[in-house]
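Line order of the protein sequences matches chains C and S.
Using my numbering, you'd call the opening residue of the first sequence number 65 and step up by one each time.
Using my numbering, you'd call the opening residue of the second sequence number 38 and step up by one each time.
Cβ atoms here follow ideal geometry from the backbone N, Cα and C, with glycine treated the same way.
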Amino acid sequence: MKSREFAAVIEQKKIATDTYSMWIQTEQIAKDARPGQFISVYTKDDSRMLPRPISICEIDREAGKLRIVYRVVGQGTDEFSRLQAGDTIEILGPLGNGFPLKEKKAFLMGGGIGVPPMVQLAKELDCEVQIIAGYRDELFLTEELSAAGKLYIATEDGSAGTKGNVMDAIRENGLSADIIYACGPKPMLRAIKAYAEENNIECYISMEEKMACGIGACLACVCQSKEVDEHTHVHNKRICKDGPVFLSTEVEL
Amino acid sequence: MNTKVTLAGVELKNPVMTASGTFGSGAEYSEFYDLSALGAVVTKGVANVPWPGNPTPRIAETRGGMLNAIGLQNPGIDVFVKRDIPYLQKYDTRIIVNVCGKTTEDYCAVVEKLADEPVDLLEINVSCPNVKEGGIAFGQNPQALEAITREVKKYAKQPIIMKLSPNVTDITEMARAAEAGGADVLSLINTLTGMKIDIHRRTFAIANKTGGMSGPAVKPVAVRMVYQVANAVRLPIIGMGGICNADDAMEFILAGATAVSVGTANFANPFAAKEVAEGIEAYMKRYGVEDIQELVGAVK
Chain C
65 MKSREFAAVI
75 EQKKIATDTY
85 SMWIQTEQIA
95 KDARPGQFIS
105 VYTKDDSRML
115 PRPISICEID
125 REAGKLRIVY
135 RVVGQGTDEF
145 SRLQAGDTIE
155 ILGPLGNGFP
165 LKEKKAFLMG
175 GGIGVPPMVQ
185 LAKELDCEVQ
195 IIAGYRDELF
205 LTEELSAAGK
215 LYIATEDGSA
225 GTKGNVMDAI
235 RENGLSADII
245 YACGPKPMLR
255 AIKAYAEENN
265 IECYISMEEK
275 MACGIGACLA
285 CVCQSKEVDE
295 HTHVHNKRIC
305 KDGPVFLSTE
315 VEL
Chain S
38 MNTKVTLAGV
48 ELKNPVMTAS
58 GTFGSGAEYS
68 EFYDLSALGA
78 VVTKGVANVP
88 WPGNPTPRIA
98 ETRGGMLNAI
108 GLQNPGIDVF
118 VKRDIPYLQK
128 YDTRIIVNVC
138 GKTTEDYCAV
148 VEKLADEPVD
158 LLEINVSCPN
168 VKEGGIAFGQ
178 NPQALEAITR
188 EVKKYAKQPI
198 IMKLSPNVTD
208 ITEMARAAEA
218 GGADVLSLIN
228 TLTGMKIDIH
238 RRTFAIANKT
248 GGMSGPAVKP
258 VAVRMVYQVA
268 NAVRLPIIGM
278 GGICNADDAM
288 EFILAGATAV
298 SVGTANFANP
308 FAAKEVAEGI
318 EAYMKRYGVE
328 DIQELVGAVK
């Protein structure tokens with residue numbers, strides 16, 4: 065069930081360049097949220113009308129708290145980054161389908177601002193959890209990730225872990241898995257999809273696209289799907305509603 | 038207090054409806070409130086066959102609004118009739134189906150298939166390019182607009198709303214053309230063609246290069262056009278363009294609109310259309326207005 069709430073900010077912290085972590089207190093949304101889902105976050109400035117879709121990093125269902133980790137990319141996210149404990153923030157959620165939780169030896173692969181949803185997923189999976197986190201240079205969320213599984217790091221500049229990307233880290237460490245969960249930039253997802261299909265591994269990827277409504281009505285955030293979609297009967301799945309998580313074989317990248 | 042309004046003989050419980058394309062066929066918003074709160078639901082445009090729409094990105098935010106070039110992705114009339122109309126029938130609200138096409142024959146085929154369906158009004162989106170006439174929109178040429186209105190009317194059993202494009206030199210010329218062709222109601226404005234450039238990627242913000250601009254930034258243009266059209270033709274008008282709250286809606290009504298549509302605001306607030314309907318009642322109470330129809334075009 066989706067709710068709109070005016071949540072209270074509990075804590076805001078800068079955890080890397082342009083990267084912020086915010087814990088918020090919700091009435092209902094945290095109780096309903098699952099790993100891989102997202103929330104729509106609204107700015108207070110009326111001249112910016114559209115919600116910003118932000119993935120859920122951590123869920124504390126008992127306390128009703130949610131954590132989002134997001135990157136400042138424009139004026140909307142810049143406004144969010146200036147909020148402090150006690151401020152309120154308008155949100156809608158939980159949105160999207162989330163990752164399916166399966167008991168199989170898993171890779172959790174996150175790249176850049178695709179790393180945050182892997183934290184809650186790692187905490188909820190009951191299996192061998194191998195997390196491969198890729199960064200340009202600065203690391204973030206590594207403590208949370210190491211606490212929830214075996215963490216392997218890749219950095220583009222080689223300053224930590226494997227020099228290269230998440231695929232390089234798998235090869236360098238000789239890792240294998242029976243299921244893959246991934247979130248990150250399109251080139252990374254493309255490489256993971258190819259690897260999964262070559263090796264016949266079940267693979268779930270989380271996608272993103274510019275969104276307007278966030279609830280499946282406006283048809284802005286579609287991706288190309290192999291099968292005919294349920295909504296329009298063409299080959300366009302809605303990332304906000306049918307996704308953001310898709311079986312890799314289900315979508316074209 | 039009377040909030041009922043009548044459009045071509047069809048009575049609406051209140052003057053608030055949804056702008057086509059911003060509300061799907063209502064299902065996604067019914068998770069938030071009972072659609073029976075609305076005077077009507079106007080569906081997303083439907084064509085004779087499924088349309089896949091444009092490449093992504095399809096939208097971009099602009100100051101006070103947005104651009105969209107969804108490309109009228111829709112499942113085609115056959116799926117729509119089986120799935121979307123029965124869904125909307127569950128609610129105590131009027132059903133208005135928006136119709137799009139690439140040729141006059143496309144429009145007529147959809148209108149004909151809807152003739153015996155439980156639909157209250159049809160809205161014709163004439164901002165689509167006419168592929169047989171070099172791609173100029175039907176709604177940008179008065180002769181083409183009058184001709185398509187006349188053709189559609191031959192097949193329609195429901196009253197016809199012609200939705201006017203604001204991308205013209207003189208909106209009253211288009212309104213008169215639609216009236217001459219036999220339109221029953223006019224709705225305006227559709228989106229204003231715009232463009233946004235992504236200066237970091239040095240490319241267009243949306244894949245289609247241009248998109249339709251909507252949201253509160255366009256409202257003064259829309260109010261002006263509604264006023265002009267109200268003074269040019271005798272047809273009832275559905276006013277829209279940037280309505281976010283009841284104050285916005287009242288501007289359109291006072292300028293001459295019998296009913297109003299809430300569009301882009303649904304994205305900023307899923308409850309927007311319902312809140313506009315409630316806000317209009319509050320306005321009427323505040324000023325002791327007995328009948329909303331007293332206010333239609335009250336500002337001369």
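Taking the DSSP output, what are the residues bridged to residue i?
{"i": "Phe70 (chain C)", "result": "C:Glu154"}
{"i": "Ala80 (chain C)", "result": "C:Thr83"}
{"i": "Ser224 (chain S)", "result": "S:Lys200 and S:Ile275"}
{"i": "Arg116 (chain C)", "result": "C:Val105"}
{"i": "Lys81 (chain S)", "result": "Paired residue(s): none; Lys81 (chain S) is not in a bridge."}
{"i": "Ile96 (chain S)", "result": "S:Asn105"}
{"i": "Thr247 (chain S)", "result": "S:Met232"}
{"i": "Arg135 (chain C)", "result": "C:Thr83"}
{"i": "Ala296 (chain S)", "result": "S:Ile275"}
{"i": "Lys129 (chain C)", "result": "C:Gln89 and C:Asp124"}
{"i": "Leu44 (chain S)", "result": "S:Val47"}
{"i": "Glu75 (chain C)", "result": "C:Trp87"}
{"i": "Asp285 (chain S)", "result": "BP columns for Asp285 (chain S) are empty, so no partner."}
{"i": "Asn306 (chain S)", "result": "None; Asn306 (chain S) has no bridge partner."}
{"i": "Val53 (chain S)", "result": "S:Val297"}
{"i": "Thr240 (chain S)", "result": "S:Asp235"}
Answer yes or no: does any C-beta atom of chain S fall closer than 8 Å to that of residue i?
{"i": "Lys274 (chain C)", "result": "yes"}
{"i": "Asn300 (chain C)", "result": "yes"}
{"i": "Ala284 (chain C)", "result": "yes"}
{"i": "Asp271 (chain C)", "result": "First, the amino acid is wrong: residue 271 (chain C) is Met here, not Asp. By this cut-off, Met271 (chain C) is not an interface position."}
{"i": "Leu114 (chain C)", "result": "yes"}
Counting only C-beta atoms, is residue i closer than 8 Å to chain C at any point?
{"i": "Ile133 (chain S)", "result": "no"}
{"i": "Met250 (chain S)", "result": "no"}
{"i": "Ile198 (chain S)", "result": "no"}
{"i": "Asn105 (chain S)", "result": "yes"}
Applying a beta-carbon distance threshold of less than 8 Å, which residues of chain C neighbour residue i?
{"i": "Asn303 (chain S)", "result": "Cys277 and Ala281"}
{"i": "Phe60 (chain S)", "result": "Ala281"}
{"i": "Ala97 (chain S)", "result": "Lys274"}
{"i": "Glu65 (chain S)", "result": "Cys277, Ile279, Gly280, Ala281 and Lys305"}
Listing by chain order, which chain C residues have their CB less than 9 Å from the CB of residue i?
{"i": "Glu68 (chain S)", "result": "Met65, Lys66 and Ile279"}
{"i": "Pro94 (chain S)", "result": "Glu273, Lys274, Ala284 and Cys285"}
Which chain S residues are close to residue i, counting only those with a beta carbon under 9 Å from its beta carbon?
{"i": "Thr296 (chain C)", "result": "Pro87, Trp88, Pro89, Gly90, Gln110, Asn111, Pro112, Gly113 and Val116"}
{"i": "Tyr259 (chain C)", "result": "Those within 9 Å of Tyr259 (chain C) in chain S number zero; the least Cβ separation is about 25 Å."}
{"i": "Tyr106 (chain C)", "result": "Ala305 and Asn306"}
Who are the neighbours of residue i on chain S, taking C-beta pairs under 7 Å?
{"i": "Ser111 (chain C)", "result": "Arg100 and Gly101"}
Going by the C-beta, is residue i closer than 7 Å to any heavy atom of the ligand PLP?
{"i": "Thr81 (chain C)", "result": "For the structure depicted, the ligand PLP is absent and the ligand set is empty, with no information on it obtainable."}
With a cut-off of 8 Å, does the C-beta of residue i fall near any C-beta of chain A?
{"i": "Met65 (chain C)", "result": "Among the protein chains of the structure shown, namely C and S, there is no chain A."}
**Request:** Kindly confirm or deny that the region 172-181 of chain C and the region 131-138 of chain C touch, where touching means at least three C-beta pairs closer than 8 Å.
**Result:** Yes: the two stretches touch, three or more of their Cβ pairs being nearer than 8 Å.
**Asked** For the region 226-284 of chain C, which segments carrying the alpha helix (DSSP H) assignment without a break, of at least 4 residues, lie completely within its bounds, in sequence order?
**Response** You should have 230-237 and 250-262.
**Request:** Could you say if the region 107-120 of chain S and the region 74-84 of chain S meet the contact criterion of at least three C-beta pairs nearer than 8 Å?
**Result:** At 8 Å Cβ cutoff, the stretches touch.
**Request:** Tell me the start and end of each unbroken beta strand (DSSP E) in the region 104-183 of chain S that is at least 3 residues and wholly inside, in chain order.
**Result:** Counting only runs of 3+ residues, the beta strand (DSSP E) found wholly inside the region 104-183 of chain S occupies 131-136 and 158-162, in chain order.
**Request:** Taking 8 Å as the threshold, find out whether the region 153-162 of chain C comes into contact with the region 66-81 of chain C through three or more Cβ pairs.
**Result:** Per the Cβ contact rule, the region 153-162 of chain C is in contact with the region 66-81 of chain C (3 or more Cβ pairs under 8 Å).
**Message:** Across the region 269-283 of chain S and the region 310-317 of chain C, are there enough close Cβ pairs to call them in contact, namely three or more that are closer than 8 Å?
**Reply:** Verdict: no, contact absent.
**Asked** Between the region 91-104 of chain S and the region 228-246 of chain S, do at least 3 Cβ pairs fall closer than 8 Å?
**Response** Contact between the region 91-104 of chain S and the region 228-246 of chain S is present, with at least three C-beta pairs closer than 8 Å.
**Request:** Would you be able to state if there are at least three C-beta pairs under 8 Å between the region 171-182 of chain S and the region 65-73 of chain S?
**Result:** With a cut-off of 8 Å, the region 171-182 of chain S and the region 65-73 of chain S do not count as touching, because too few Cβ pairs lie within range.
**Prompt:** Which runs of the beta strand (DSSP E) fall wholly inside the region 288-317 of chain C and span at least 3 residues, in chain order?
**Reply:** You should have 300-302 and 309-311.
**Item:** 4 or more residues per run - each alpha helix (DSSP H) lying fully within the region 145-221 of chain C
**Value:** Complete alpha helix (DSSP H) runs here, min 4: 181-188 and 206-212.
**Message:** Does the region 253-271 of chain C come into contact with the region 208-228 of chain C, if we say contact requires no fewer than three beta-carbon pairs (one atom in each stretch) closer than 8 Å?
**Reply:** Three or more beta-carbon pairs separated by less than 8 Å are not found between the region 253-271 of chain C and the region 208-228 of chain C, which leaves the two stretches without contact.
**Request:** Flag this pair as touching only if the region 235-248 of chain C and the region 275-291 of chain C have three or more C-beta atom pairs under 8 Å; answer yes or no.
**Result:** The region 235-248 of chain C is not in contact with the region 275-291 of chain C.
**Asked** Are at least three pairs of beta-carbons, each pair with one atom in the region 113-130 of chain C and one in the region 74-89 of chain C, less than 8 Å apart?
**Response** At 8 Å Cβ cutoff, the stretches touch.
**Message:** Count Cβ pairs between the region 214-229 of chain S and the region 281-291 of chain S that sit closer than 8 Å; are there 3 or more?
**Reply:** No, the region 214-229 of chain S does not touch the region 281-291 of chain S.
**Message:** Would the region 155-169 of chain C count as touching the region 89-104 of chain C if we require 3 or more Cβ pairs under 8 Å?
**Reply:** In short, these stretches touch, since the Cβ pair count reaches three.
**Item:** Inter-stretch contact at 8 Å, needing at least 3 Cβ pairs: the region 285-305 of chain C / the region 133-147 of chain C
**Value:** Verdict: no, contact absent.
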